[in-house]
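Peer 1:
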Amino acid sequence: MRIVPTPGNGWRSGPAAVFAVAVLILLAGTGVILQNESNYRSGKTQEVQVQAEILAASVEAALDFADPVAAQEAVDAFQANRQVRWVGVYGRDGRALASYHKTGEPPPTTLAAIPSGGDGGIRVAVPVASAGQRIGTVVFEADREPVSRRVGRYLLLAFLFLLAALVVA
5 MRIVPTPGNG WRSGPAAVFA VAVLILLAGT GVILQNESNY RSGKTQEVQV QAEILAASVE
65 AALDFADPVA AQEAVDAFQA NRQVRWVGVY GRDGRALASY HKTGEPPPTT LAAIPSGGDG
125 GIRVAVPVAS AGQRIGTVVF EADREPVSRR VGRYLLLAFL FLLAALVVA
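When you read off a place in the sequence shown, starting at 1, and then add 4, the result is the number in my numbering.
1. Output needed for Pro-2: all residues of its chain with C-beta closer than 6 Å, excluding positions within five of it in sequence on either side, in chain order.
2. Taking only the alpha-carbon atoms, compute the straight-line gap between Ala-84 and Ala-75 and give it to the nearest angstrom.
3. Should Phe-82 go down as buried or exposed, given a rule of 16 or more other Cβ atoms within 10 Å for buried?
4. What would DSSP say about Gly-136, mapped onto helix, strand or coil?
5. In whole angstroms, what separates the C-alpha of Ser-120 from that of Val-143?
6. Have a look at Glu-145 and Glu-77 and give me their C-alpha separation to the nearest angstrom.
7. Which runs of the beta strand (DSSP E) fall wholly inside the stretch 100-129 and span at least 3 residues, in chain order?
8. Does the beta carbon of Ala-65 sit closer than 9 Å to a beta carbon anywhere in chain D?
9. Which residue from Leu-160, Pro-112 and Arg-153 puts its Cα closest to that of Gln-36?
10. For Pro-112, I'd like the list of residues in its chain whose CB is within less than 6 Å of its CB, leaving aside the five on either flank, ordered along the chain.
11. Is it the case that the stretch 21-36 contacts the stretch 99-114, given that we only count it when at least three CB pairs across the two stretches are under 8 Å?
12. Could you check whether Val-93 and Leu-67 sit closer than 9 Å to each other, using their CB atoms as the reference points?
13. First and last residue of the beta strand (DSSP E) that includes Val-63?
14. DSSP puts Val-91 in a beta bridge; with which residues?
15. Using DSSP's beta-bridge definition, name the partner residues of Pro-19.
16. One question on the structure: do Glu-41 and Arg-127 come within less than 9 Å of each other, judged by their Cβ atoms?
Dropping the structure here:
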């Protein structure tokens, strides 16, 4: 005797399969976005570190000769980057030799006055050395990323949730 499948029996697992596919889409999308976020953060931190190292190399002579004008000229070049929040060049004694703040307010006047916590920015401190001796420190803080870029990334996640809801419906 031969068993003949009845029409419709194969579709009983259909809604479960559709739901599983929707969940997989959501998980994959969320994973991609989280990976992208992680890559962006590490790349941005590395970018800020390199900028601080460039500034440290640029102000070495200014710190060695205690020349605030030359140090300020090197710092002023970073005003062109809109993501730079503030920059400070501090001498051996920990006092500011040159500085820039995006808002115009003065950055901390000493290394000890720099607050330890941040508000979402990336801050790095790079020592400045001459002839193997530390002669100062460069502190560099930049924004993580523009808000528009972050909103766009999270809108993509919302779109994935909407697609998954449509698939389930």
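The C-beta atom is built at its ideal place from N, Cα and C for all residues, glycine as well.
This structure is a prediction, so every number in the text was calculated from the model and none was measured.
Peer 2: Taking the coordinates as given:
1. The requested residue 2 is not part of the displayed model; the chain covers only 5 to 173.
2. Between Ala-84 and Ala-75, the C-alpha separation is close to 16 Å.
3. buried
4. The three-state secondary structure of Gly-136, taken from DSSP, is coil.
5. 12 Å
6. Those two C-alpha atoms are separated by around 18 Å.
7. Whole beta strand (DSSP E) segments, 3+ residues: 100-105.
8. Absent from the structure: chain D. Only one protein chain is present.
9. Looking at the sequence itself, residue 36 is Val, so the reference to Gln does not match. It is Leu-160.
10. Ile-118
11. no
12. yes
13. Per DSSP, Val-63 belongs to no beta strand (DSSP E) and is neither H nor E.
14. Tyr-104 and Phe-144
15. Paired residue(s): none; Pro-19 is not in a bridge.
16. No, the pair does not count as a contact, with Cβ atoms beyond the cut-off.
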